[in-house]
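Residue numbers (the working numbering): 376 to 916.
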Amino acid sequence: MKKNTINSDTLLNLISKHSPDMLWIKDLKGRYLYANNAICNGLLIATPDEALGKTDIFFALREREKYKDNKNWHTFGELCANTDLETIKYMRPLRFLENGNIQGKMTYLEVDKAPFFDENKNLIGVIGTARDITQQILLKERNEYLMYFDQLTSLPNRQKIILDIENKKPKSSIVFNIDDFKEVNDFFGTNNADKILKDIALRFIKYEYTAYRIDGDEFAILFFDEKTEEELQNEALKIINLLDSEPFYIDDKSILITFSIGIAKSDEKLLTKVDIAVNNAKTSNNHICIYEESKNIEEKYKENIELATQIKEAILENRIICHYQPLLNIENSEIYSYESLVRLIDDKGNAIAPYKFLDFSKKIKLYSSITKIVVSQACKTFQNRDENFSINLSVDDIKDLETVDFILKTIKDTNTSSRVTFEILESEGIENYEEVISFINQIKSLGARIAIDDFGTGYSNFEHLLRLDVDYIKIDGSLIKNIVTDDKHRLIVETIVSFAKRIGIKTVAEFVSDEKILQTIKEIGISCAQGYHIGKPETLV
Numbered sequence: 376m377k378k379n380t381i382n383s384d385t386l387l388n389l390i391s392k393h394s395p396d397m398l399w400i401k402d403l404k405g406r407y408l409y410a411n412n413a414i415c416n417g418l419l420i421a422t423p424d425e426a427l428g429k430t431d432i433f434f435a436l437r438e439r440e441k442y443k444d445n446k447n448w449h450t451f452g453e454l455c456a457n458t459d460l461e462t463i464k465y466m467r468p469l470r471f472l473e474n475g476n477i478q479g480k481m482t483y484l485e486v487d488k489a490p491f492f493d494e495n496k497n498l499i500g501v502i503g504t505a506r507d508i509t510q511q512i513l514l515k516e517r518n519e520y521l522m523y524f525d526q527l528t529s530l531p532n533r534q535k536i537i538l539d540i541e542n543k544k545p546k547s548s549i550v551f552n553i554d555d556f557k558e559v560n561d562f563f564g565t566n567n568a569d570k571i572l573k574d575i576a577l578r579f580i581k582y583e584y585t586a587y588r589i590d591g592d593e594f595a596i597l598f599f600d601e602k603t604e605e606e607l608q609n610e611a612l613k614i615i616n617l618l619d620s621e622p623f624y625i626d627d628k629s630i631l632i633t634f635s636i637g638i639a640k641s642d643e644k645l646l647t648k649v650d651i652a653v654n655n656a657k658t659s660n661n662h663i664c665i666y667e668e669s670k671n672i673e674e675k676y677k678e679n680i681e682l683a684t685q686i687k688e689a690i691l692e693n694r695i696i697c698h699y700q701p702l703l704n705i706e707n708s709e710i711y712s713y714e715s716l717v718r719l720i721d722d723k724g725n726a727i728a729p730y731k732f733l734d735f736s737k738k739i740k741l742y743s744s745i746t747k748i749v750v751s752q753a754c755k756t757f758q759n760r761d762e763n764f765s766i767n768l769s770v771d772d773i774k775d776l777e778t779v780d781f782i783l784k785t786i787k788d789t790n791t792s793s794r795v796t797f798e799i800l801e802s803e804g805i806e807n808y809e810e811v812i813s814f815i816n817q818i819k820s821l822g823a824r825i826a827i828d829d830f831g832t833g834y835s836n837f838e839h840l841l842r843l844d845v846d847y848i849k850i851d852g853s854l855i856k857n858i859v860t861d862d863k864h865r866l867i868v869e870t871i872v873s874f875a876k877r878i879g880i881k882t883v884a885e886f887v888s889d890e891k892i893l894q895t896i897k898e899i900g901i902s903c904a905q906g907y908h909i910g911k912p913e914t915l916v
């Protein structure tokens with residue numbers, strides 16, 4: 376029986392003819408020697424036979440005629456000739472991103488071009504391929520918008536101002552904080568409070584100020600030219616007068632909106648300094664405060680001395696303790712684990728939250744001591760219990776060999792290695808993956824698990840998930856708390872959950888504060904829930 380065979384040239388012709396990618400060959404004068412179906416149908420709007428012998432300019436002029444009334448219109452044909460010449464001039468392959476209008480739609484192509492030679496190695500033209508990546512570009516732009524712009528007001532957000540300060544180096548900033556906005560929110564309701572925020576944003580836009588919404592009730596403006604403190608103060612008063620030029624209304628009733636204003640000039644840590652200034656304005660009788668370098672340094676120095684003493688005494692007097700917050704298994708509605716949360720008890724018996732002392736403890740070289748206390752307490756607490764539990768670790772902990780040795784010894788001695796999960800903050804930069812991977816391998820060899828904490832803050836690094844052997848993602852509460860009312864937040868969470876499921880990682884929602892949020896994350900398919908609706912952090916016997 377005779378076998379069916381396909382000639383290699385015929386096979387190559389079939390592949391190129393029906394490839395979804397555009398493929399073409401042109402001579403040295405830019406005339407088409409070959410054009411496959413994809414470029415003919417998608418770009419030239421011609422049959423392969425019609426394309427032969429014609430140039431991009433021919434097709435560009437034909438396309439231009441259809442849109443001659445649009446002065447901004449340009450086509451790929453008007454851009455292609457130059458890159459052909461560049462490919463021939465440098466005699467090497469080129470890759471570039473090109474955009475233009477195809478049949479009335481803006482389109483993005485990833486283009487590759489290379490010199491084309493005949494059998495005798497004589498240069499006879501250019502060979503090229505192109506792939507339509509419009510959807511990828513639009514998705515990237517959409518994700519960047521979600522990342523850098525406030526969804527309520529459409530103003531750039533805190534992440535964007537941080538980026539602009541880093542890249543554009545402004546000289547000064549003014550921050551406007553709405554006075555008593557919580558009362559507005561509580562009295563008139565969230566929807567009406569949101570209308571006020573939108574109205575303020577529109578007034579900034581109306582008077583041509585590029586404002587950022589950097590917090591729930593705060594807006595900031597950057598200045599790139601040198602201004603004196605007096606000029607900045609006058610600018611702030613001018614903006615307030617413009618914002619107050621019309622009344623603010625809720626349900627046809629005018630309400631009084633006032634602002635506390637912070638001003639700072641600095642080449643370094645501008646946002647931190649203007650935040651300090653506006654906080655001073657809020658807590659003083661003066662509605663405008665200017666950051667004063669010497670004054671704040673002296674005050675901060677005094678505060679640092681007091682805090683350092685407080686931390687040292689708490690360690691010596693065993694006043695660093697753990698509270699434990701339960702995590703719910705959504706599938707069976709059972710508490711399956713507890714997160715260990717560190718607290719400092721002051722000399723009056725008040726519990727101080729970690730954000731007030733943990734970062735500073737790193738500066739005074741006491742952070743590792745606190746980590747060891749937490750690891751020891753948590754492991755001893757669950758040594759005689761059946762539940763799973765988790766402990767937060769920083770990258771600094773993982774890089775500290777002494778701390779790592781202490782962790783390994785403690786989970787072995789207390790026989791808790793199979794029930795403990797170590798949570799690594801997503802927001803902390805991982806510069807040396809080898810150190811982190813080595814730690815993960817060591818603790819996993821003993822049966823422990825790994826979670827990435829606060830995932831979704833800023834620009835989430837999916838590389839962490841792909842390079843590290845992670846068991847859980849804890850989705851940051853800033854996304855979860857608005858998931859019922861904000862479709863954008865829900866979309867981001869759904870994307871994270873979908874990605875996690877595909878690579879076999881379980882998900883935990885933080886900040887689950889009510890039943891509506893719990894039901895929503897259950898619909899999305901999140902594995903576990905944590906928050907005040909599930910249970911508050913407390914001591915365990």
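Every residue gets a Cβ at the ideal spot worked out from N, C-alpha and C, and that includes glycine. The model shown is predicted, which means the values in this text are computed figures rather than measured ones.
Counted within 10 angstroms of its Cβ, other Cβ atoms place residue i as buried (16 or more) or exposed
{"i": "HIS864", "result": "buried"}
{"i": "SER792", "result": "buried"}
{"i": "GLN905", "result": "buried"}
{"i": "SER708", "result": "exposed"}
{"i": "VAL916", "result": "exposed"}
{"i": "GLN700", "result": "buried"}
{"i": "ASN679", "result": "exposed"}
{"i": "ASN797", "result": "One point to set straight first is that residue 797 is Phe, not Asn, in the sequence displayed. So PHE797 counts as buried."}
{"i": "SER835", "result": "The predicted position of SER835 is uncertain, since its pLDDT is 48 and thus under 50; a value taken from the coordinates is nonetheless stated next. By the neighbour-count rule (16 or more Cβ atoms within 10 Å), SER835 is buried."}
{"i": "LEU577", "result": "exposed"}
{"i": "ALA728", "result": "exposed"}
{"i": "ASN767", "result": "buried"}
{"i": "MET376", "result": "With a pLDDT of only 46 at MET376, under 50, the local geometry of the prediction cannot be trusted, and the value read off the model is given with reservation. Exposed is the call here."}
{"i": "THR778", "result": "buried"}
{"i": "LYS856", "result": "buried"}
{"i": "TYR587", "result": "buried"}
{"i": "GLU583", "result": "exposed"}
{"i": "GLU913", "result": "exposed"}
{"i": "LEU893", "result": "buried"}
{"i": "GLU531", "result": "The sequence shown places Pro at residue 531, not Glu. Buried."}
{"i": "THR430", "result": "buried"}
{"i": "ASP721", "result": "exposed"}
C-beta contact flag for residue i and residue j at 9 Å
{"i": "ILE745", "j": "ILE686", "result": "yes"}
{"i": "ILE848", "j": "ALA823", "result": "no"}
{"i": "ARG842", "j": "ILE880", "result": "no"}
{"i": "PHE370", "j": "LYS546", "result": "Examination of residue 370 is not possible in this model, given that the chain is present from 376 through 916 alone."}
{"i": "ILE651", "j": "GLY637", "result": "yes"}
{"i": "PHE874", "j": "ASP851", "result": "no"}
{"i": "LEU472", "j": "LYS488", "result": "no"}
{"i": "ARG506", "j": "MET397", "result": "yes"}
{"i": "VAL559", "j": "ILE632", "result": "yes"}
{"i": "GLY428", "j": "TYR407", "result": "yes"}
{"i": "ILE878", "j": "LEU840", "result": "yes"}
{"i": "VAL872", "j": "ILE901", "result": "yes"}
{"i": "LYS897", "j": "ILE705", "result": "yes"}
{"i": "MET481", "j": "THR509", "result": "yes"}
{"i": "LYS891", "j": "VAL859", "result": "yes"}
{"i": "ILE663", "j": "GLN608", "result": "yes"}
{"i": "VAL749", "j": "PHE781", "result": "no"}
Unbroken beta strand (DSSP E) run spanning residue i, endpoints
{"i": "ASP829", "result": "824–830"}
{"i": "LEU408", "result": "407–410"}
{"i": "ASP626", "result": "Unbroken run through ASP626: none, as it is neither H nor E."}
{"i": "THR350", "result": "One cannot answer for residue 350 here, as it falls past the ends of the chain, which runs 376 to 916."}
{"i": "GLN905", "result": "903–905"}
{"i": "ILE848", "result": "847–850"}
Delimiting residues of the alpha helix (DSSP H) encompassing residue i
{"i": "ILE815", "result": "808–820"}
{"i": "MET522", "result": "509–523"}
{"i": "THR870", "result": "862–877"}
{"i": "PRO423", "result": "423–426"}
{"i": "PHE735", "result": "733–738"}
{"i": "ALA611", "result": "604–618"}
{"i": "GLN534", "result": "533–543"}
{"i": "LYS480", "result": "Segment 480–492 is the beta strand (DSSP E) holding LYS480; no alpha helix (DSSP H) there."}
{"i": "ILE896", "result": "890–899"}
Whole runs of the alpha helix (DSSP H) within the region 639–722, excluding any shorter than 4 residues:
645–658 and 668–691
Run through the region 752–779 for me and flag every whole beta strand (DSSP E) of 3 or more residues, listed as ranges in chain order.
763–768
Report the residue ranges of all alpha helix (DSSP H) runs contained in full by the region 554–597; include only those spanning at least 4 residues, in chain order.
556–563 and 565–581
Does the structure place the region 494–504 close enough to the region 517–526 that three or more beta carbon pairs sit under 8 Å?
no
Can you find at least 3 beta carbon pairs, one from the region 750–768 and one from the region 691–700, that sit closer than 8 Å?
yes
When the Cβ atoms of the region 508–524 are set against those of the region 568–587, are three or more pairs found closer than 8 Å?
no
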